[in-house]
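Chemist:
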Amino acid sequence: MTADKTTSAPIVRFAPSPTGYLHIGGARTALFNWLYARGRGGKFLLRIEDTDRERNNEAAVAAILDGLKWLELDWDGEAVSQFARGDRHRAIADELLARGAAYHCYCSPSEIEAAREQAKAEGRPQIFLSPWRDRDPKDAPTDIKPVVRLKAARDGETIVNDHVQGRVVFPNKDLDDLIIVRSDGNPTYNLAVVVDDHDMGITQVVRGVDHLTNTARQTQIYLGMHWTVPEFAHVPLIHGPDGAKLSKRHGAQAVQDYRAMGYLPVALRNYLVRLGWSHGDDEIISTEQLLEWFDIDGIGKSAARFDFKKLEDLNGHYIRHSSDDELVTRLIDLLPEIEGGTTIDAKIDAAMRAKLVRAMPSMKERAKTLLELIDGAQFLFSARPIARDEKAEKILDADARATLKALHTRFTAVTEWTSTALEDEVRSYSEETGAKLGKVAQPLRAALTGRAVSPPVFDVLDVLGREESLARIADCVT
RNA sequence: GCUCCCUUCGUCUAUCGGUUAGGACGCGAGAUUUUCAUUCUUGAAAGAGGGGUUCGAUUCCCCUAGGGAGCGCCA
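Printed below as a string of structure tokens:
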């Protein structure tokens, strides 16, 4: 889509319904909108589609805003409440009524349901054709509150020229008359979305394909009001690894779930944007590059499966390339959200934070998520005598303990407690005794960290410090 | 059932009719290495099926199969 199609900068929006958290598919839609607007000096607006009062939920709104903030997708101005604009929507409904483009329908929900059932039984399309479309309003019952329906065209076809889906043609006979105002007087989503997009000056509507059929029906509202129809881009859905619609079963739908799993926002954005969009063979793309390169016309039509392995790989890359300080900040921020995190959080003071920062260079090389980073830092959090896992115990046999005893003596004599000095010490010990370096390093690792796997032992010695290191080694000797 | 959409390695994708069908994740092998990881080298792996159009189809058209979305006084 070329920016000069509309003479000014684009105005796009993300319009979630407050029925739950920010879904990962919604997050990608928001990302696409954000990239498009920010990359072209346009506006990215946020609107909460809360016309259904029974489903409105303040916690859900908060969760959605929280998710967007975490993903670092900032929007322009305040989030707009669709419900708050109800008067405006009703005014438009009245105008459509006055123009003969809409009518009152007195059918009850049960009548409609029965008609649908019958249509289904007879193998006909399950669309409801209201008898009130052509009936004389004078016949209207006085004891029933009607809904307002759009008087949609019955002949011809409605064409949606979509930037992703292409030219999609819907026969009008398959489109029924949308309810635009409920019997309780509240406008429905289908009316509100059109009025709001129009009033907000939205130039490109980028949303999920599940809205495609609605678009055809909504187009008739634009036509009825003689409004300019915006450009559309309906992006495909994201499926779970098994190809089915992403659901609770797949473990993670909400962006907050991904935060809790230790993913970085920049990694999730990079992963998400590549689901459906690409720029040649580029895989790791900085946000700056994305802003420059992203284009709606480059989005593919087919649905994509979510691949956690690839996300993990990208996350590992971004962790390795993050600054030590940023990682420690994110790691600490994550603690309240994870199991057992508060216990660790209580141990974080300035000294611990400094240790973490110093340990980061060697730790971030070996972590794919912040969770792994936290797990890898356990040796810093544990107090003596430290717990050892099975593999560590196995390493610490009699020979290993003898080696540790010798090392303890040597380390005590070391004047400069640095990783290089200690490494020299260990290397000379292994040369003198003829023991392989691994035979010396593993017992050390087990004694210092309680595990068979850790960052390089000399870095561990360094970060732990002389006193703590010697004490942990001594714990294994006696 | 009706309408619409989709279909290249297991997964995400590149290819704007002519390529040994490329890259990435994952997987296999090897190198580096104090563990793990990183890094590097390397291997296996794809055009759903059938018809057309064309000198030539992964690419354009049609059919079939499979998958998805929609068909609410939800959004």
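Residue 314 in our numbering sits at position 309 of the first sequence, with consecutive numbering throughout. Just so you know, even glycine gets a beta-carbon here, dropped at the ideal spot from N, CA and C. In this text the structure is predicted, and so the values were computed from the model without any measurement.
1) Whole angstroms are fine: how far does the CA of S22 sit from the CA of A308?
2) Contact between the stretch 314-333 and the stretch 352-371: three or more CB pairs below 8 angstroms?
3) Considering only residues of the same chain and omitting the five flanking positions on each side of A397, which have a CB-CB separation below 6 angstroms?
4) At which residue ranges does the stretch 159-224 contain complete beta strand (DSSP E) runs of 3 or more residues, listed in the order of the chain?
5) Would Q447 be called buried (16 or more neighbouring beta carbons within 10 Å of its own) or exposed?
6) Given 8 angstroms as the limit, is there contact between the stretch 28-44 and the stretch 181-198, that is, 3 or more CB pairs closer than that?
7) K143 to E116, Cα distance in whole Å?
8) Exposed or buried, what is A382 when buried is set at 16 or more other beta-carbons lying within 10 Å of its beta-carbon?
9) Candidates D329, A158, A418: which alpha carbon is nearest K360's?
10) Would you mind giving the Cβ-Cβ distance between G267 and L340, rounded to the nearest angstrom? I have them listed as a contact below 8 angstroms.
11) Excluding the 5 residues preceding and the 5 following P136 in the sequence, name in chain order all residues of the same chain whose CB lies nearer than 8 angstroms to its CB.
12) Which same chain residues end up closer than 7 angstroms to T224 when comparing Cβ atoms and leaving out the 5 residues on each side of it in sequence?
13) Is it the case that the stretch 460-468 contacts the stretch 418-432, given that we only count it when at least three CB pairs across the two stretches are under 8 angstroms?
14) Grab me the residues of I69's own chain with a C-beta within less than 6 angstroms of its C-beta, minus the 5 sequence neighbours each way, in chain order.
15) Hey, V152 and V186: beta-carbon distance below 8 angstroms or not?
16) For R222, I'd like the list of residues in its chain whose CB is within less than 6 angstroms of its CB, leaving aside the five on either flank, ordered along the chain.
17) May I ask you to list the residues that DSSP assigns as paired with C110?
18) M6: buried (16+ other C-beta within 10 angstroms of its C-beta) or exposed?
19) Which of helix, strand or coil does DSSP assign to E421?
20) Give me, in chain order, the residues of the same chain whose beta-carbon lies closer than 6 angstroms to that of I97; leave out the 5 immediate sequence neighbours on both sides.
21) Taking Cβ positions, are L217 and V260 nearer each other than 8 angstroms?
22) Looking only at its chain, what residues have a beta carbon closer than 8 angstroms to the beta carbon of L336, apart from the 5 residues adjacent to it on each side?
23) Taking 8 angstroms as the cut-off, does the stretch 286-297 touch the stretch 233-249 (at least 3 CB pairs, one atom from each stretch)?
24) Keeping to the same chain, check which residues put their C-beta closer than 8 angstroms to that of R33; ignore five residues upstream and five downstream.
25) When DSSP labels each residue in this structure, what does S1 get in the three-state scheme?
26) Starting from the Cα of G206, find the closest Cα among K253, T220, R393, A14 and give me that residue.
27) Identify the continuous alpha helix (DSSP H) that holds A359 and give its terminal residues.
28) Under 8 angstroms between the Cβ atoms of V431 and V445?
29) From the DSSP output, read off the bridge partner residues of R52.
30) Spatial neighbours of A8 within its chain, please: C-beta separation below 6 angstroms, excluding the five flanking residues on both sides.
31) Using the beta-carbon count (16 or more within 10 Å), is L442 buried or exposed?
32) When you compare each of T208, A197, Q87 to N219 by their alpha carbons, which one comes out closest?
33) For I349, is the classification buried or exposed, using 16 other Cβ atoms within 10 angstroms of its Cβ as the cut-off for buried?
34) Looking at the secondary structure, which residues open and close the alpha helix (DSSP H) in which F37 lies?
Modeler: In brief:
1) Using only the alpha carbons, I get a separation of about 22 angstroms.
2) Cβ pair count under 8 angstroms is three or more, so yes.
3) Taken in chain order, the residues that qualify are A451, G455, R456, A457.
4) Along the stretch 159-224, the beta strand (DSSP E) occurs as fully enclosed runs of 3 or more residues at 162-167, 171-176, 184-186, 209-213, listed in sequence order.
5) Within 10 angstroms of the beta-carbon of Q447 lie 16 or more other beta-carbons, which makes it buried.
6) Taking 8 angstroms as the limit for Cβ pairs, the verdict is that the stretch 181-198 does not touch the stretch 28-44.
7) The alpha-carbon of K143 is positioned some 20 angstroms away from that of E116.
8) With 16 or more other Cβ atoms inside 10 Å of its own Cβ, A382 counts as buried.
9) For the residues D329, A158, A418, the minimum Cα distance to K360 belongs to D329.
10) In fact, because the Cβ distance is near 11 angstroms, the residues do not count as touching under 8 angstroms.
11) Here P136 has C112 as same chain residues with Cβ atoms under 8 angstroms from its own Cβ, once five neighbours each way along the sequence are excluded.
12) Leaving aside the five residues that flank T224 on each side, the residues in its chain whose CB is nearer than 7 angstroms to its CB run, in chain order, T163, V165, V234.
13) At 8 angstroms Cβ cutoff, the stretches touch.
14) Closer than 6 angstroms at Cβ, skipping near neighbours: P21, L27.
15) Using a Cβ distance threshold of 8 angstroms, V152 and V186 count as a contacting pair.
16) Cβ neighbours of R222 within its own chain (closer than 6 angstroms, five residues either side excluded): L180, L183.
17) DSSP output for C110 lists V152 as bridge partner(s).
18) In this prediction, M6 scores a pLDDT of 42, lower than 50, which makes its location untrustworthy; the coordinate-derived value is nonetheless stated afterwards. Buried, by the Cβ-count rule.
19) Note: E421 maps to coil in three-state DSSP.
20) Taking C-beta separations shorter than 6 angstroms and ignoring five residues to either side along the sequence, the partners of I97 in its chain run V200, following chain order.
21) Using a Cβ distance threshold of 8 angstroms, L217 and V260 do not count as a contacting pair.
22) Hits under 8 angstroms: L361, L375, L378, I379, A382.
23) Output reads no: the stretch 286-297 does not touch the stretch 233-249.
24) So the list reads V240, I243, L277, V278, L280, G281, once near-sequence residues are dropped.
25) There is no way to answer for residue 1, as the model of the chain reaches only from 6 to 483.
26) Closest by alpha carbon: A14.
27) Taken as a continuous stretch (DSSP letters only), the alpha helix (DSSP H) holding A359 covers 355-368.
28) Against a cut-off of 8 angstroms, the Cβ pair of V445 and V431 comes out as a contact.
29) Answer is V85.
30) Only weak support is given to the placement of A8: the predicted model assigns it a pLDDT of 41, under 50, and the question is left unresolved by the model.
31) That one is exposed.
32) Closest option to N219, Cα to Cα, is A197.
33) Under this definition I349 is a buried residue.
34) 29-44 is the span of the alpha helix (DSSP H), which, as asked, contains F37.
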